[in-house]
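> Heads up: the sequence shown begins at 3 in the working numbering, then just goes up one per residue. We treat Cβ as the ideally placed atom computed from N, Cα and C, and that holds for glycine. Quick caveat: nothing in here was measured; it's all calculated off a predicted structure. Please read through the structure below; I'll follow up with questions.
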Amino acid sequence: CLYTQGYYFYKPMPVENAIITSGGVKVGEIDPKTMASKKVPGLYFAGEIIDVDAYTGGFNLQIAWATGKAAGEAAGVFDGTIKEIYFTHRMREMQTMIPEKHYAVAVDGPSGAGKSTLAKAIAAKLGILYVDTGAIYRTIGYAVKRRGVEPRDEAAVRAILPELEIGMSYEADGEQHMLLNGQDVTREIRLPEISMYASAVSALPAVRAFLLEMQRDLARKHSVIMDGRDIGTVVLPDAEVKIFLTASAEVRAQRRCLELEQRGTPKPYDEVLRELNERDYNDSHRAAAPLRAAEDAIVVDTSALDFDASREALLALIRERLQ
Ligand code: DC
Numbered sequence: 003c004l005y006t007q008g009y010y011f012y013k014p015m016p017v018e019n020a021i022i023t024s025g026g027v028k029v030g031e032i033d034p035k036t037m038a039s040k041k042v043p044g045l046y047f048a049g050e051i052i053d054v055d056a057y058t059g060g061f062n063l064q065i066a067w068a069t070g071k072a073a074g075e076a077a078g079v080f081d082g083t084i085k086e087i088y089f090t091h092r093m094r095e096m097q098t099m100i101p102e103k104h105y106a107v108a109v110d111g112p113s114g115a116g117k118s119t120l121a122k123a124i125a126a127k128l129g130i131l132y133v134d135t136g137a138i139y140r141t142i143g144y145a146v147k148r149r150g151v152e153p154r155d156e157a158a159v160r161a162i163l164p165e166l167e168i169g170m171s172y173e174a175d176g177e178q179h180m181l182l183n184g185q186d187v188t189r190e191i192r193l194p195e196i197s198m199y200a201s202a203v204s205a206l207p208a209v210r211a212f213l214l215e216m217q218r219d220l221a222r223k224h225s226v227i228m229d230g231r232d233i234g235t236v237v238l239p240d241a242e243v244k245i246f247l248t249a250s251a252e253v254r255a256q257r258r259c260l261e262l263e264q265r266g267t268p269k270p271y272d273e274v275l276r277e278l279n280e281r282d283y284n285d286s287h288r289a290a291a292p293l294r295a296a297e298d299a300i301v302v303d304t305s306a307l308d309f310d311a312s313r314e315a316l317l318a319l320i321r322e323r324l325q
């Protein structure tokens, strides 16, 4: 497997993707301090020696991209700019290569603007973590409903917060699963009645304060694309890229209707539009972290764009900003 000067794979690759060099790599061909190839300048091996082949005297490498990166940095060859890359046929198939830099993309906007679907697709393309913060508020809304607590009663909601253990896990399906005290509530939080609970609890400063560190912590540990209402303004004010995604209320209501229909829980358009306007109003008129575009956010209106066009537009914007 390869680590090349100025380039490396950002994503940890599964062991099956290891490139087995034909005939193995001789120990003597690699500088053990830097993992640099002694034969090919600029070629680095990313891996940890797992065993020595008794017959050839070479060794097998276990994929550990971080090792190669650290070795490259220690050798002073990685200066953050992209220079050249050595491909093998396996590597050509793995398209998601970007220079590693820890960064955050904040995506804010009203319900139904397409934030989650787009952010998720972009995360997969860039190989970074997607965090749907609405799902976290929904989890609190769900907990509040299940306990029969009035969601606007701040004292009552605050009283149950210490009992809530909110967890997130990313499964093989790429979905962000939400855990509430160990129970997977990913499906339950999407029930239509939870939307209003989420909107109501999200207006409570106690709830926002409770979740702030959790969200920031994710961005400290990973490169993220995080979607919500206050990511660019409050949660990650230093995000490298800020996008405010919007669309007309009518288009958003149509999209929501389609989504509900596909989920098998259809609702009349008028009702969806009314609720959407109500939520927009609540989300943007609350005192605590109201929905608004950060001053340095790029506003993208997707009313006239389909999914593919929106995704490409956002990817182009992100790449441009990151450069
Ligand atoms: O994005 P969503 O519809 O799943 O979000 C559910 C509710 O949570 C929504 O009414 C707004 C609120 N929310 C918020 O206040 N701040 C966030 N960062 C994310 C969501």
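Taking just the CA atoms, how far does PHE212 sit from ASP155?
So the alpha carbons of these two residues sit roughly 16 Å apart.
> Give the secondary structure of TYR105 by DSSP, where H, G and I count as helix, E and B as strand, and everything else as coil.
If DSSP states are grouped into helix, strand and coil, TYR105 belongs with coil.
> Rounded to whole angstroms, how far is the Cβ of GLU121 from the Cβ of ASP229, which I believe are closer than 8 Å?
Here residue 121 is Ala; the residue named in the question, Glu, does not match the sequence. Indeed, because the Cβ distance is near 5 Å, the residues count as touching under 8 Å.
> Can you say whether PRO239 is buried or exposed, counting buried as having 16 or more other CB atoms within 10 angstroms of its CB?
With fewer than 16 Cβ atoms within 10 Å of its Cβ, PRO239 is classed as exposed.
> Could you give the DSSP three-state label for HIS224: helix, strand or coil?
Three-state result, HIS224: coil.
> Nearest CA to the CA of GLY136: which residue from LEU293, ARG222 and ALA125?
Of the candidates LEU293, ARG222 and ALA125, the one whose C-alpha sits nearest the C-alpha of GLY136 is LEU293.
> Could you give the DSSP three-state label for ILE130: helix, strand or coil?
Coil.
> Nearer than 7 Å: is that true of the beta carbon of GLY230 relative to any heavy atom of the ligand DC?
GLY230 Cβ: within cutoff of the ligand DC.
> Starting from GLN185, follow its DSSP beta bridges and name the residues at the other end.
Per DSSP, LEU182.
> Determine the direct distance from the alpha carbon of ALA125 to that of TYR132, and round the result to whole angstroms.
In a straight line, the C-alpha of TYR132 is about 6 Å away from that of ALA125.
> According to DSSP, is LYS244 helix, strand or coil?
DSSP places LYS244 in strand when its eight states are reduced to three.
> Check the C-beta distance from ASP282 over to ALA251 and give it rounded, since I have them as a contact under 8 Å.
Going by Cβ atoms, the distance from ASP282 to ALA251 rounds to 7 Å, so yes, they are a contact pair.
> Compute the distance between the beta-carbons of ILE196 and LYS147, then report whether it is under 8 Å.
For ILE196 and LYS147, yes; Cβs fall inside 8 Å.
> How big is the Cα-Cα spacing for THR304 and LYS41?
Computed Cα separation, rounded: 51 Å.
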